[in-house]
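A.B. asks: Chains as they are written, first to last, in my numbering: chain A, 9 to 301; chain B, 9 to 301; chain C, 9 to 301; chain D, 9 to 301; chain E, 9 to 301; chain F, 9 to 301.
Protein chains: 6
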Amino acid sequence: MFLHKQALQYKSTPEKPDAVYARKLQEVIGGQYGEITVAMQYSFQAWNTHIPGKYRDLLFSTAAEEFGHVEMLATMVAQLLEKAPVGVTEEALQDDPTVAAVIGGTDVQQAIVAGAGARPVDSNGNPWSAAYVTASGNLLADFTSNVNAEMQGRTQVARLYHMTDDPGVRDMLAFLLARDTMHQNQWLAAARELQEESKENLPVPSNFPQGKEHQEYSYKAFNFSDGEDMANGSWANGTAPDQLGEFAYVPTPMDGTPMPPPTHPDARFYGTTDVPNAAEKAAGMVQDKLKRE
Amino acid sequence: MFLHKQALQYKSTPEKPDAVYARKLQEVIGGQYGEITVAMQYSFQAWNTHIPGKYRDLLFSTAAEEFGHVEMLATMVAQLLEKAPVGVTEEALQDDPTVAAVIGGTDVQQAIVAGAGARPVDSNGNPWSAAYVTASGNLLADFTSNVNAEMQGRTQVARLYHMTDDPGVRDMLAFLLARDTMHQNQWLAAARELQEESKENLPVPSNFPQGKEHQEYSYKAFNFSDGEDMANGSWANGTAPDQLGEFAYVPTPMDGTPMPPPTHPDARFYGTTDVPNAAEKAAGMVQDKLKRE
Amino acid sequence: MFLHKQALQYKSTPEKPDAVYARKLQEVIGGQYGEITVAMQYSFQAWNTHIPGKYRDLLFSTAAEEFGHVEMLATMVAQLLEKAPVGVTEEALQDDPTVAAVIGGTDVQQAIVAGAGARPVDSNGNPWSAAYVTASGNLLADFTSNVNAEMQGRTQVARLYHMTDDPGVRDMLAFLLARDTMHQNQWLAAARELQEESKENLPVPSNFPQGKEHQEYSYKAFNFSDGEDMANGSWANGTAPDQLGEFAYVPTPMDGTPMPPPTHPDARFYGTTDVPNAAEKAAGMVQDKLKRE
Amino acid sequence: MFLHKQALQYKSTPEKPDAVYARKLQEVIGGQYGEITVAMQYSFQAWNTHIPGKYRDLLFSTAAEEFGHVEMLATMVAQLLEKAPVGVTEEALQDDPTVAAVIGGTDVQQAIVAGAGARPVDSNGNPWSAAYVTASGNLLADFTSNVNAEMQGRTQVARLYHMTDDPGVRDMLAFLLARDTMHQNQWLAAARELQEESKENLPVPSNFPQGKEHQEYSYKAFNFSDGEDMANGSWANGTAPDQLGEFAYVPTPMDGTPMPPPTHPDARFYGTTDVPNAAEKAAGMVQDKLKRE
Amino acid sequence: MFLHKQALQYKSTPEKPDAVYARKLQEVIGGQYGEITVAMQYSFQAWNTHIPGKYRDLLFSTAAEEFGHVEMLATMVAQLLEKAPVGVTEEALQDDPTVAAVIGGTDVQQAIVAGAGARPVDSNGNPWSAAYVTASGNLLADFTSNVNAEMQGRTQVARLYHMTDDPGVRDMLAFLLARDTMHQNQWLAAARELQEESKENLPVPSNFPQGKEHQEYSYKAFNFSDGEDMANGSWANGTAPDQLGEFAYVPTPMDGTPMPPPTHPDARFYGTTDVPNAAEKAAGMVQDKLKRE
Amino acid sequence: MFLHKQALQYKSTPEKPDAVYARKLQEVIGGQYGEITVAMQYSFQAWNTHIPGKYRDLLFSTAAEEFGHVEMLATMVAQLLEKAPVGVTEEALQDDPTVAAVIGGTDVQQAIVAGAGARPVDSNGNPWSAAYVTASGNLLADFTSNVNAEMQGRTQVARLYHMTDDPGVRDMLAFLLARDTMHQNQWLAAARELQEESKENLPVPSNFPQGKEHQEYSYKAFNFSDGEDMANGSWANGTAPDQLGEFAYVPTPMDGTPMPPPTHPDARFYGTTDVPNAAEKAAGMVQDKLKRE
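Structure follows, in structure tokens:
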């Protein structure tokens, strides 16, 4: 169950309106790595977890916090839009070039659709999609996904920090940056703890019987491009991070194996084939089949 | 530039057709974590990289290999579909219940749209979307995204391994599992190397001035749910993985701050407001404005 | 802020697993009118509201309840999937036709992607999209949207009720049906109250100056089809529901006005035009322009 | 069958081109509540109707009219784009700030893709999606959906009215506003008539046996947030709009019921589990199973 | 303007219901090349045409006809679903394997969402998307797109013909096949006529000054793969179809040109760079910039 | 298999940065007819081909070339963005109106998400979708699709040519225009060759038995609109391009056939019906059924 409290986790009030920035903030509301993504992702991971206790507690807690971040940002966006112009006359444009920037740079759907409000979309107006969510049931894979989400999210917030000089907006972003720092660290710690407790290990999934995979290809760094520096990385020699194999560099791709011959499905799929006089034969075959049907 | 060679990296031929399994394999062709995703993701990361040399070489090489995996899987799917039935009579169903399973379990678009061929979609028929791709320009964030992609992908391939007993299919999957093992390890090694070379550090982005974020919230584990075990994780005390702070557990959420008052945008957005007699006033205001326009 | 409590609003446990039904339930999790939609819709309406007090309180409260419904359904789906088969041999199919139905009727991504868990998608596997959300800032419009959402949602739950005979599932659905009854009534009451308080009126938006619209067309029922019964409805005569006009029936479409002539944009858009010798002229014009550039 | 007539229902010619406004008009062509949505929605409702006569006649008629509105708007957009600039030199920008606004504010795909023409997309360029359409077969639910669509649509057109001062555009919008007034009233009248004829009633679907739902929750206003004003609405006490129950206010959420224990699906799904030494056991179990396969 | 007539262009009644086939028919209603696509595509091409007369007349006429095909198919789907089962007991499955096929093979949203009706989606349940539509303003390009759409559509209808033996369904499909034959021929004729009238020519767009493109690459067949038979096609030598150049075969790819050095955008984008001690420098640079801001 | 070579097929370096143009170029990277589309389309056509030799060789070769074009464009975009401003102060706007244009006209996700890099999206930020891809297995249909793709693509590149005067950008576009010329010609030649070899013929699919379609409708040009010039085209009389029939013009639509009566599915779908006292009866029927269940 979720309960709502009419308070914001942290103050979210701009010093003055800025309709162009209101569009940019949409990225961290409804973008691939926005707050809706992490709120939904942690929720579904919690619901799909096969293990009670600390990991699930952490997922539920962080999910709830992230829904609150959506709220902070939506509240901020509405305030940034409070003075958004409805329309602009040509004279206004002549007098004030900043008006031109506002017109061009705003999210027109924030005005036409939401009446000067926030929307569950990204900064280009793409609706948030649940296709952004990852929840596999394997916690080491999913916590790694979470680390990535927090890294991408914090990078975007850091960029957004430099795109405004409004003290109120920056104050809120400075808070979100701190929480992203916490959450990056937290998922890294949780991923490490899973391994220390032998609940999961590398490579994911670690329970798959190693002997069933073709191990002769498990630690080989084949080079499918022509950059010679690929040989110089730690992935080209030494022990692999999973401690189960030794990296080896191969400067060329695998030789490969001949392609199997093209398929010949039923003629009633009407694919083009290489049988001599195929058209005639196929027509005959189809007519034969049709007669029998 | 990409060059094509008419060979498969590894043998991809089933022992016998299986139209139901052909649908399932679509997941690792065109799903969120299918081979198209990693091929495109590594390509865009390479093109957006601001640094020449070993990391970019590795991205180009792995991208090219992954396009070859799409090819292996597409070739496999076409063969699995080679005997796909076009239509089924009621008698056939009465005689053989497996036919019923085939009808229900196949991807009907593989038949109707592709004529018994592979498609760039997932196992539920959702077209592959570039919204799956991550390429931020920050290599530590992106390599972490890559580790996650390989973990999710290998988990899916492992599940698919148990959904068939065709030796030819399993042979190919055993190869893909091995390459996923390699690529998981490789991106982990590359992420570690970036840090050892001080090119990137935790938290991402590490160049953002730590003093600018509200550090009092950067290592606090607030509990927004009511699970008591959250206190027992390594994220609740001790040094954080970024070595820059000490975790501290707080058993309750932050108190929060009052919500700002609702906004009052221009009346011509026709939002519902709380001004006494708002309707009348707004109508008047609008009419005044319209007169002037 | 949202707080999470590790309890379900109502008991959500099936008597026995049913992987096919687990797919069907996805509709009311992640479909157009599933619980994610109403939870997000009421949240964004609350955040975009320009008026504090009872209406916003109602929005916040109902939003939080609906997030809890997502949780109930996701928990139910995971249990329905607990015995989902990984793979099926041909013998099993021969012995038990229900197995065939299970194979064909399940959501394969619940298995391959989520490892036997719920996903934020509908019953055909389409990811939930924020394009389902309505939040315009006009409360009469939005409450009407909410009534519709609860009507569609309750209709779907009622249909799903008849698609299972599992007592545990039906018990949960009987609860959700009751809450949908409440919420339908609640939004109808709220819409009525808005009008009684003169905060909003028909037609929406009621503040738009009536004189500015072409009122001669505001209450005319033109017939653009050839069904003669259209004349017999209450929309064809009598006072309109907004009490501002009288309906009148017109058995034929409007005469219409001639289409304006086709446009002739810049030749460098390379559209096909009707100027005599257009190709030659356009080529010349383009070459002239290119010279000047 | 649909027949086309080369005339516009109402005059749709701007006084002068305006490429920025051409982008904004896309919202009511191809947006969530644009004319394509209502045309398609009413069509599918008509095709799915289980009842001949006046309601279906009304659906067919209105659907056909709405396709004509798409045509009016597309024709308008093409004319607004007739002088759209192909490219802009830096000098032009220096001389005339309105040019800057034009560049930033236009839909670049109207130029690059359509060659200065209208597109079936919204004002942010999202392609129109059939996911916007509602057609459930239950006419009370669907007519309520239609009322909402006309309310949202008229609100957007009203906003767009204030975003231009072109007399030609405003003339057309004044016509569309009038038709939205008609259609709001018409669907309200139709919904009322359905109930007067006892074809449908509240709550939708009214045929579902009331005794089968958990009626003790059907009229309870639980508060899941902390706003005290929720108690003061007409949804908190008195007879509900469906006349079948009495509202009652409960200031707190339901207590809820304990969550069921996490699920333990087949180990071959590779989910993380809490069984002691799970990794070892699972690996063994998998290997056992694999041997048998 | 569009007018509706309550008649079907051709009889569309199945002999008996078939819920599985009802799903398959969705492909030609709401798929990439379904009837909605062509109806909308021809409409937008007509509205974007810059030339009155026969070509636009043809577009308007065919668009209207195609909307009628959507209607025929939707009507057929509703009838195929008329006996669709709501739910199925286990006993029914044991008795009749065809029931299993029905369960697995149906579109569950046709039942849950539409109440046994047609939907604007494809056979895998993907909502129709306006991203399928092509309307560029260049008629030779667009008529070629139309030829392709009719070819793909007729191929799909032909496949669907073999997936049923219901005489009523086949009767309707035999009509649609004939109309697809007409429309393929018609767009081919129109494309030819455009060229004969010199309105458009090859290559499209033919008005672009030939001298402005790098003509040394305009007729060269470089081989980027290793298949030797590519040399044997008519694209490898002889006069090109546009009559403006001679094909020449080159057995290898172009040599190419070195990649430009990686970019170095502003450090506040936090991309990973190769400057020695980049992290330190960037941090300093950022701090310097922040001070000034 | 795909191999990568660290070279560009042709030089792709702008003379100076232009962040607004960087957005426009996205159209031909990730738009409906961008280079990703053709690269993926030709790849899937090759993998789905049922015929080895020259046609498949051509598909593989061209697919690989097109992936290289994505690379050229992504490299160009990164360079155009190299000096993209992070943020802009109000003073800057006052001084330089071009800055306003830049702000409004850029793709904000290129900055926030990609850190000044290219993305797999179109010029309005829509992610590339595999729904753009066509690969039916019928080569005449697919080659026609390819001709269209190259025509649309070349038209877009030609328009983009006029939207910049940067010599470096124009140099690259002049190369792409040439390759589009080649590829248009190549697919036209291949389509012609298929027919000359009798592998495929018109109408597509030509193997479908002509007698099975309702030939009396196969060459009739019915007019569903009211434009009289439709009669004057080559589609209204004379021999059809497939040489199998004679066109005939019919100035009016077909008379059509009466619509079948509305369907009456199971009452448990809760559709609105026309049975007298339907509500009561349906409720009774449902209760009867429920009792039995």
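Just so it is clear, CB atoms sit at the ideal spot from N, CA and C, and this is done for glycine as well.
CA-CA distance, C:Ser214 and C:Leu147?
C.D. replies: Counting from one through the third sequence, the residue named residue 214 of chain C turns up at place 206. Counting from one through the third sequence, the residue named residue 147 of chain C turns up at place 139. When rounded, the distance between both Cα atoms is 12 Å.
A.B. asks: Flag D:Lys180 as yes if its beta-carbon sits less than 8 Å from any beta-carbon of chain A, otherwise no.
C.D. replies: Mapped onto the fourth sequence, residue 180 of chain D falls at position 172. Rather than Lys, the amino acid found at residue 180 of chain D in this sequence is Met. Not closer than 8 Å to any Cβ of chain A, the Cβ of D:Met180 fails to qualify, so no.
A.B. asks: So with CB distances below 8 Å, who are the chain E contacts of C:Arg307?
C.D. replies: Residue numbering for chain C in the displayed model covers 9 to 301; residue 307 of chain C lies beyond these limits and cannot be assessed.
A.B. asks: In terms of DSSP beta bridges, what is D:Val129 paired with?
C.D. replies: As a first step, residue 129 of chain D is located in the fourth sequence; it is residue number 121 there, counting from the start. DSSP, once it has assigned bridges, lists D:Pro135 as partnering D:Val129.
A.B. asks: Please confirm whether A:Ser233 has its beta-carbon closer than 8 Å to some beta-carbon of chain F.
C.D. replies: Position 225 of the first sequence, counted from the start, is the residue given in the question as residue 233 of chain A. So, interface residue.
A.B. asks: Out of B:Gly253, B:Asp234, B:Gln53 and B:Leu66, which one is the CA nearest neighbour of A:Met9?
C.D. replies: One-based indexing of the first sequence puts residue 9 of chain A at position 1. Here the closest residue by C-alpha is B:Asp234.
A.B. asks: Does any CB atom of chain B fall closer than 8 Å to the CB of D:Tyr140?
C.D. replies: Numbered from 1 along the fourth sequence, position 132 holds the residue referred to as residue 140 of chain D. Closer than 8 Å: no.
A.B. asks: On the CB-based measure, 16 or more other CB atoms within 10 Å of its CB, does C:Ser242 come out buried or exposed?
C.D. replies: On the third sequence, residue 242 of chain C is found 234 positions in, with the first residue counted as 1. Buried is the call here.
A.B. asks: Please name the residue, chosen from B:Tyr41, B:Glu158, B:Pro261 and B:Ser226, that lies closest to B:Asp130 on a Cα-to-Cα basis.
C.D. replies: The sequence position of residue 130 of chain B within the second sequence is 122, counting from 1. Residue B:Tyr41 is the option with its Cα nearest to B:Asp130.
A.B. asks: Could you tell me the alpha carbon to alpha carbon distance between D:Pro22 and D:Ala124, rounded to whole angstroms?
C.D. replies: Position 14 of the fourth sequence, counting from 1, holds the residue named residue 22 of chain D. Position 116 of the fourth sequence, counting from 1, holds the residue named residue 124 of chain D. In a straight line, the C-alpha of D:Pro22 is about 15 Å away from that of D:Ala124.
A.B. asks: Can you tell me which residues form a DSSP beta bridge with C:Ala229?
C.D. replies: As a working mapping, residue 229 of chain C is identified with position 221 in the third sequence. According to DSSP, C:Ala229 bridges with C:Tyr257.
A.B. asks: What is the residue span of the alpha helix (DSSP H) that E:Gly76 lies within?
C.D. replies: As a working note, residue 76 of chain E is residue 68 in the fifth sequence. That run of the alpha helix (DSSP H) goes Lys62 to Leu88.
A.B. asks: Is there a Cβ of chain A sitting closer than 8 Å to that of E:Thr260, yes or no?
C.D. replies: Residue numbering aside, residue 260 of chain E sits at position 252 when the fifth sequence is read from its first letter. By this cut-off, E:Thr260 is not an interface position.
A.B. asks: Please report the straight-line C-alpha distance between D:Pro249 and D:Leu210, rounded to a whole angstrom.
C.D. replies: Indexing the fourth sequence from 1 puts residue 249 of chain D at position 241. Indexing the fourth sequence from 1 puts residue 210 of chain D at position 202. Their backbone Cα atoms lie some 8 Å apart in a straight line.
A.B. asks: I want to verify the contact list: residues of chain F whose CB lies under 9 Å from the CB of C:Tyr29, in sequence order.
C.D. replies: To locate residue 29 of chain C, count along the third sequence from 1; it is residue 21. Correct list: empty, because the minimum Cβ distance to chain F is about 15 Å.
A.B. asks: Please identify the residue among D:Phe75, D:Tyr29 and D:Gln192 whose C-alpha is closest to the C-alpha of C:Ser226.
C.D. replies: Stepping through the third sequence from its first residue, residue 226 of chain C is reached at position 218. Minimum Cα distance to C:Ser226 is reached at D:Gln192.
A.B. asks: Should D:Glu74 and D:Ala47 be called a contact, given that it needs their Cβ atoms to be closer than 8 Å?
C.D. replies: The residue given as residue 74 of chain D occupies position 66 in the fourth sequence. The residue given as residue 47 of chain D occupies position 39 in the fourth sequence. It is a contact, given that the beta carbons lie within the stated cut-off.
A.B. asks: If you measure from the beta carbon of D:Asn240 to each beta carbon in chain C, is any gap under 8 Å?
C.D. replies: The residue labelled residue 240 of chain D in the question sits at position 232 within the fourth sequence. Chain C contact via Cβ: present.
A.B. asks: Taking only beta-carbon positions, decide if A:Ala248 is within less than 8 Å of chain F.
C.D. replies: For the purposes of this step, residue 248 of chain A is identified with residue 240 of the first sequence, where counting begins at 1. No - not a single Cβ of chain F is within 8 Å of the one on A:Ala248.
A.B. asks: DSSP three-state label for C:Gly246, please.
C.D. replies: Translated into positions along the third sequence, residue 246 of chain C becomes position 238. C:Gly246 falls in the strand class under three-state DSSP.
A.B. asks: Any idea what DSSP makes of F:His191, helix, strand or coil?
C.D. replies: On the sixth sequence, position 183 is the one that residue 191 of chain F refers to. Here F:His191 carries a helix assignment [DSSP, helix/strand/coil].
A.B. asks: What residues of chain F sit near C:Thr163, judged by a beta carbon separation below 8 Å?
C.D. replies: To locate residue 163 of chain C, count along the third sequence from 1; it is residue 155. The answer, in chain order, is Tyr278.
A.B. asks: On the CB-based measure, 16 or more other CB atoms within 10 Å of its CB, does D:Gln164 come out buried or exposed?
C.D. replies: As a position in the fourth sequence, residue 164 of chain D is number 156, starting the count at 1. By the beta-carbon neighbour count (other beta carbons within 10 angstroms, threshold 16), D:Gln164 is buried.
A.B. asks: By the criterion of Cβ-Cβ separation under 9 Å, what are the contact partners of F:Gly38 in chain B?
C.D. replies: Within the sixth sequence, the letter at position 30 stands for residue 38 of chain F. Those are Ala138, listed as they occur along chain B.
A.B. asks: Mind checking C:Pro128: buried by the 16 CB within 10 Å criterion, or exposed?
C.D. replies: Taking the third sequence and counting its residues from 1, the one referred to as residue 128 of chain C is at position 120. Its Cβ being crowded by 16 or more others within 10 Å, C:Pro128 is buried.
A.B. asks: For a contact meaning CB atoms closer than 9 Å, what does F:Lys220 contact in chain B?
C.D. replies: Taking the sixth sequence and counting its residues from 1, the one referred to as residue 220 of chain F is at position 212. Result: empty, since nearest Cβ-Cβ is about 15 Å, beyond 9 Å.
A.B. asks: Mind checking who E:Leu16 pairs with in its DSSP beta bridge?
C.D. replies: One-based indexing of the fifth sequence puts residue 16 of chain E at position 8. Answer is F:Thr265, bridged to E:Leu16.
A.B. asks: Within 8 Å, do at least three Cβ pairs link the stretch 82-89 of chain E to the stretch 32-40 of chain E?
C.D. replies: yes
A.B. asks: Count the other C-beta atoms from every protein chain shown that fall within 10 angstroms of the C-beta of B:Asp103, then say buried if there are 16 or more, exposed otherwise.
C.D. replies: As a first step, residue 103 of chain B is located in the second sequence; it is residue number 95 there, counting from the start. It counts as exposed.
A.B. asks: Sorted by chain position, which residues of the same chain lie with C-beta nearer than 6 Å to B:Ser51's C-beta, five sequence neighbours on each side aside?
C.D. replies: Numbered from 1 along the second sequence, position 43 holds the residue referred to as residue 51 of chain B. Once the five neighbours on either side are set aside, the close Cβ partners of B:Ser51 are Ala71.
A.B. asks: So if DSSP puts C:Phe10 in a beta bridge, which residue, or which two residues, is it bridged to?
C.D. replies: Position 2 of the third sequence holds residue 10 of chain C. A:His12.
A.B. asks: Tell me, to the nearest whole angstrom, how far the beta carbon of F:Thr106 is from that of F:Ala92; I am working on the premise that it is less than 8 Å.
C.D. replies: Reading the sixth sequence from its first residue, position 98 is the one you call residue 106 of chain F. Reading the sixth sequence from its first residue, position 84 is the one you call residue 92 of chain F. Actually they do not touch by this definition, with Cβ atoms about 14 Å apart.
A.B. asks: Does chain B have any CB closer than 8 Å to the CB of F:Lys13?
C.D. replies: Residue 13 of chain F sits at position 5 when you count from the first residue of the sixth sequence. Yes, F:Lys13 lies at the interface with chain B (some Cβ there is under 8 Å from its Cβ).
A.B. asks: Going by DSSP, what residue range makes up the alpha helix (DSSP H) through F:His272?
C.D. replies: Your numbering for residue 272 of chain F matches position 264 in the sixth sequence. Careful: F:His272 lies outside any alpha helix (DSSP H) and carries neither H nor E.
A.B. asks: Taking E:His170 as part of the alpha helix (DSSP H), name the residues at either end of that continuous run.
C.D. replies: Reading the fifth sequence from its first residue, position 162 is the one you call residue 170 of chain E. Start and end: Leu147 to His170.
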